[in-house]
Amino acid sequence: MKAPEGFRLPNPIDFETHPPPELPKYLKHQVYDKPEVFAKVDSHAIQVAEYQHPTFRDLMWDLLYRYKLDELERARVIFRWMTAKDMQNIHFENVPPNSPEDVLMSFSTNRGTFSRIYSEIHCVTVSGYAKGVDYLPGDKFCGLPPNHSWNVIYIRGSWQLVDVHWAARYLSSGKNVPENVVYEYDDFYFMMEPQQAVYSHFPEDQRWQLLPVPLTLSQFENLPLTKSQFFKCAIDFLQQHHGVVRTQDGCLRMTLGFWRPGGFTYKLQYLVTSYNNPDLDSLTAYPSELTDQVPNLNVDLKCFVLQETTKDRLNFFFRLPASGIYYLTIYAQVSSK
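So in full-length UniProt numbering, spot 268 of the sequence shown is number 268, and the numbers just go up one at a time.
Have a look at this one:
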C-alpha cells in the first residue's frame, strides 16, 4: 500500500531530548493482563508484515498512520510488526545510505537496531548481558563483552523494557544454529517488569535496570536462571535464591511456590566433565556436556529425585548418587481450566 501524496513522516526524535532513566510509573500488569486486549492492533501489525512496501514512508503510513492510534497502540503495533516481519528478507525499491530503508535492510546482515524504527516514541538501545540459550547457572560475565541488546521505550510518561529479539524467536535446543530457531511470539518481552527482567537481562548502564536498588553484576550472575514461563505460571523462589546450591552429602530439599494452577515436571542432568574432578570451582561447563546419567552408574538420574506437588508448593527432594555438578531444569505449564 502506498502512502497518500501529501503524507509526510514526522521528524525523528532527538536522543538528547530523551527523559532520564527513572523507575516506571506503572507496570505491565497494571495496564493489561492478557495480550488479547491488543487483538485488533496485533492483527493489523501481522497483516502489514506480510507485504513488501516500496518505501519506508509507505510502510509507516500503512502501519502507523492509516488508523488513529494512541501512544501505547503505536508502540505495540511497531513491536508486533517487528516480531512478525522476516527482517532477513525485507526489501525496498531504493535504499540511500543512512536512510530508514538502510536501517531496516541492515537487519539482513545483523547490523540493525530497533531503536531507530520507533516513530514519535523515545527509544533507547541498551547493551548488556543476557542469560541466553548457551548460559548455564554458575557462568560468569565479568570481563566479557556484552552479548545482547534490547530497548527501553517511553510511553504514557514512563520507561518500559522491550526485547524484540527474544519476543520473536527462541531456540528449540541448546545449540545456537539456524535449524534450531523457532519463530513464535512471546508477549512476556513487551513491557517487561523490571523485577522480572533482571533475572535474565543486565544492562551495562545499571540505571536501565529501572529498579529502586540496582543489582551488581555479581548479584545478577548469582540469580537462578529463569525463562518467561516461570513468571507466566506465577512461580516464586521460597528458599534458594541462587543459581548454584551446594550440598555436602548429596541430600537437598528445594521448594518453589506457585500461584496459578499448572502442571510441572523436571529434568536432572550431570556434567560429565565434573566426574572425579577435584577442582569443580574452576570448571567451565557447556550444554553439550550434560547427560542424563552419571558415568559408570547406568541409572537414570530421575531415580534420585522425588517431586511433590501440593496446592501451592512444588517440593523436590534430592539424594544425589555421586559428587560432581548437576543441573535441574523445571518445566511448567499453566492449566487450561
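Where is the CB? At the ideal position from N, CA and C, for every residue including glycine.
An exposed status is given to Q30, since fewer than 16 other beta-carbon atoms sit within 10 Å of its beta-carbon. Under the DSSP assignment, A84 falls outside any beta strand (DSSP E), being part of the alpha helix (DSSP H) whose first and last residues are E71 to A84.
Around the beta carbon of P100, a 10 Å sphere encloses 16 or more other beta carbons of the protein chains shown; the residue is thus reported as buried. A straight line joining the alpha-carbon of W61 with that of L328 spans about 49 Å. Boundaries of the alpha helix (DSSP H) harbouring Q30: K28 to V31, taken from the DSSP string. Relative to the Cα of W159, the nearest Cα in the group I330, G250, V126 and D42 belongs to V126.
In terms of Cβ geometry, R207 and P21 form a close pair [threshold 8 Å]. If you draw a straight line from the Cα of I13 to the Cα of Y154, it is about 12 Å long.
Between T55 and F92 a beta carbon distance of about 6 Å is seen, short of the 8 Å cut, so the two are scored as contacting. Partner residues in the beta bridge of Q307, as assigned by DSSP, are F316. If you look at L223, you'll find it isn't in any beta strand (DSSP E); DSSP assigns it neither H nor E. Out of A167, E193, F202 and A197, the CA that lies nearest to the CA of Y185 is found in A167. Rounded to whole angstroms, the separation of the alpha carbons of R313 and P261 is 11 Å. With respect to L225, V198 sits apart: the two C-beta atoms are not nearer than 8 Å. Residue environment for A39: exposed (fewer than 16 other C-beta atoms within 10 angstroms of its C-beta). Less than 8 Å divides the Cβ of Q269 from the Cβ of L290. By the C-beta criterion, the region 235-253 is judged not to be in contact with the region 286-301, since fewer than 3 inter-stretch pairs fall below 8 Å. L256 has its alpha-carbon roughly 6 Å from the corresponding atom of D236. If you look at Q195, you'll find it in the alpha helix (DSSP H) that goes P194 to A197. Boundaries around P203 are those of the beta strand (DSSP E), H201 to P203, since no alpha helix (DSSP H) includes it.
If you check the CB distance, M191 and L161 come in under 8 Å.
Between the alpha carbons of I46 and W81 lies a gap of roughly 6 Å. In this structure C233 is in contact with V334, their Cβ atoms being roughly 5 Å apart against a cut-off of 8 Å. For the pair F264 and I325, the CB atoms are not nearer than the 8 Å cut-off. Of the residues assessed, L23 falls on the exposed side of the cut-off, its CB having fewer than 16 other CB atoms within 10 angstroms.
Straight-line measurement puts the Cα of D281 at about 30 Å from the Cα of F231. In this model, S218 and M105 are separated by some 37 Å (Cα to Cα). Here Y275 has P295 and G324 as same chain residues with Cβ atoms under 6 Å from its own Cβ, once five neighbours each way along the sequence are excluded. Between S43 and K131, the beta carbon gap of about 32 Å keeps them out of contact (Cβ cut-off 8 Å). For W166, the uninterrupted alpha helix (DSSP H) run begins and ends at V164 to A168, by DSSP. Relative to P137, the option among L223, D163, D187 and Y67 whose CA is nearest is L223. Per DSSP, the beta bridge partners of C251 are R319. Within the DSSP secondary-structure output, N94 pairs in no beta bridge. The beta carbon of F220 is closer than 8 Å to those of Y129, F141, V198 and F202 in its chain, skipping five residues each way along the sequence.
Taking all protein chains in view, the Cβ of S288 is surrounded by fewer than 16 other Cβ atoms within 10 Å, so the residue is classified as exposed. Apart from sequence neighbours up to five positions away, the residues of its chain that approach V272 with a beta-carbon distance below 7 Å are E289, T291 and P295, ordered along the chain.
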